[in-house]
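S.K.:
Numbering (my numbering), first residue to last: 46 to 403.
1) Classify residue 232: buried if its beta carbon has 16 or more other beta carbons within 10 angstroms, exposed otherwise.
2) Which whole runs of the alpha helix (DSSP H) in the segment 115-179 are 4 residues long or more, in chain order?
3) What is the residue span of the alpha helix (DSSP H) that residue 349 lies within?
4) Per DSSP, what kind of secondary structure is residue 248 in: helix, strand or coil?
5) For residue 361, does the count of other Cβ atoms within 10 angstroms reach 16, so buried, or fall short, so exposed?
6) May I ask which residues mark the beginning and end of the alpha helix (DSSP H) holding residue 391?
7) Determine the direct distance from the alpha carbon of residue 317 to that of residue 392, and round the result to whole angstroms.
8) Span of the beta strand (DSSP E) holding residue 323?
9) How far does the beta strand (DSSP E) with residue 303 in it extend, from its first residue to its last?
10) Give me the Cβ distance between residue 163 and residue 211, rounded to the nearest whole Å; I'm assuming they're in contact under 8 Å.
11) Restricting to runs no shorter than 3 residues, where is the beta strand (DSSP E) found entirely within the segment 210-283?
12) If you count every other CB in all the chains shown that lies within 10 Å of the CB of residue 175, and 16 or more means buried, which is it?
13) Would the segment 230-247 and the segment 146-160 be scored as touching if the rule is three or more Cβ pairs under 8 Å?
14) Across which residues does DSSP place residue 401 in a beta bridge pair?
15) For the alpha helix (DSSP H) that residue 341 lies in, which residues bound it at each end?
16) Taking the Cβ atom as the reference point for each residue, do residue 16 and residue 399 lie within a distance shorter than 8 Å?
17) If you reduce the DSSP assignment to three classes, tell me which class residue 199 lands in.
18) Considering Cα atoms alone, identify which of 125, 145, 61 and 336 is closest to residue 81.
19) Go ahead and pull the three-state DSSP assignment for residue 183.
20) Roughly how far, in whole angstroms, is the beta-carbon of residue 181 from the beta-carbon of residue 167, given that I think they are within contact range, below 8 Å?
21) Taking the DSSP output, what are the residues bridged to residue 208?
22) From 300, 394 and 355, pick the residue whose C-alpha is nearest to that of residue 324; which is it?
23) By the three-class DSSP mapping on this structure, what secondary structure does residue 107 have?
24) Could you tell me if residue 171 is buried or exposed, where buried requires 16 or more neighbouring beta carbons within 10 angstroms of its beta carbon?
25) Quick check on the burial criterion: 16 or more other C-beta atoms within 10 angstroms. Buried or exposed for residue 45?
26) Pull up the DSSP beta-bridge partners for residue 72, would you.
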């Protein structure tokens, strides 16, 4: 007997001896969709149709119309907090994988739900007409400059991103470490601008190589999510137009109206909102370490840098009280080194993307 997947129309042949006598659920190996089997005691060789499809209504090509509401109802039943989301903007059948029993309660899906809850209010506004979120994951953006500056551990708390694959592009939404809310930056990566996507050497790195821009590297990506994202992005590469953009794609998005923006702007040309300026952050940190990061909204990092500045000033004052040219020169060198280091780091943090001023 034949069983047809209602999502991708894949056909499976089941020996008559193994056909269940009662209603049963199966998972499609090709797309992961749930298949409800309702045996009607047909003759050998007949087709078993999915739940909700009337026997005899199949066309001669033996393909069944998609039953998109099944996965949506299943997800809402197991995660009622998502019931207010529109299926026109969120493809739950693509985003969540059913378990062996046909339900959606699993550790993997709970992790995805947590990410989605942190960003779905924003996603609902960001998605364009006809655009749907189809995959979701989380990763930590890797910036080599932060490792070079020796502060990668402290800045890591500001590098967590929800990675959302839609049917048109990849959306990157900055989130807090606990995955409870969005924070600062918003980016996009059009599929047309992706050259290839790879898994890193450490197996939890997602590397997106782009045609006209620097690559994007995300670490600490759960392996099952990395596999899903990689396969989906590769599939979209095969389906989008082969024509590549002649200019560098605009990856920075306005935090207010979500329009793609050029670099080095102080205000959005579309909605006119003011944006924070990296140069202002640099000068603030040069005068008082930590001030620039507080201006950027990095409160924890700014407070730690201010505490470090207090220690540096204690060293400077003690050295000055001891007298002598060498002590004074050493004190000034330490002060300038610390302030200069902090201002460079703050400037780097401010250049990552756009943030609303005020």
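Cβ atoms here follow ideal geometry from the backbone N, Cα and C, with glycine treated the same way.
M.R.: The short version:
1) buried
2) 137-140 and 152-171
3) 344-367
4) coil
5) buried
6) 370-395
7) 23 Å
8) Residue 323 -> not in any beta strand (DSSP E); alpha helix (DSSP H) instead, spanning 323-332.
9) Where residue 303 is concerned, there is no enclosing beta strand (DSSP E), given that its DSSP letter is neither H nor E.
10) Not really, about 17 Å apart at Cβ, beyond 8 Å.
11) 214-220, 227-235, 239-244, 251-255 and 261-264
12) exposed
13) no
14) 320
15) 336-341
16) It is not possible to answer for residue 16, since the shown part of the chain is limited to 46 through 403.
17) helix
18) 145
19) strand
20) Not a contact, Cβ separation roughly 13 Å.
21) 182 and 217
22) 394
23) Note that residue 107 scores 35 on pLDDT, short of 50, meaning its location in the model is unreliable; the coordinates nonetheless yield the value given after this. In this structure, residue 107 counts as coil in the three-state DSSP scheme.
24) buried
25) Lying outside 46 to 403, the shown extent of the chain, residue 45 is not represented and no answer is given.
26) 79
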